[in-house]
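Chemist: The structure's right below; bear with me while I get my questions together.
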Amino acid sequence: MKDTKNITALELSKLLFVSVSTIERDLKKLTDENMIEYVGSAKDGYWRVNK
23 MKDTKNITAL
33 ELSKLLFVSV
43 STIERDLKKL
53 TDENMIEYVG
63 SAKDGYWRVN
73 K
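Taking the working numbering, I'd label the letters of the sequence shown as residues 23 to 73.
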């Protein structure tokens, strides 16, 4: 994610060969730790790595 800058949960699941639900669980944990944030609408948004 750090190199890509912007990536969707679906793209990340395909990249890592895991289910979208696994990605969503991990994204929630990273969001709770303020390591990433979701930007945009539910349909067209993406995850961004915080600096």
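In this text, a Cβ means the ideal position worked out from N, Cα and C, and glycines have one as well.
Keep in mind that this is a model prediction, so the values were computed, not measured.
Which residues bound the beta strand (DSSP E) around residue 42?
Modeler: It is not in any beta strand (DSSP E) - residue 42 instead sits in the alpha helix (DSSP H) that spans 42-54.
Chemist: Please report how far the alpha carbon of residue 46 lies from the alpha carbon of residue 73, in whole angstroms.
Modeler: 21 Å
Chemist: Give the range of the alpha helix (DSSP H) segment to which residue 31 is assigned.
Modeler: 31-38
Chemist: Could you name the residues of the same chain whose beta carbon sits closer than 6 Å to that of residue 34, not counting the 5 residues immediately before and after it, in chain order?
Modeler: 45
Chemist: Pick helix, strand or coil for residue 28, following the three-state DSSP scheme.
Modeler: strand
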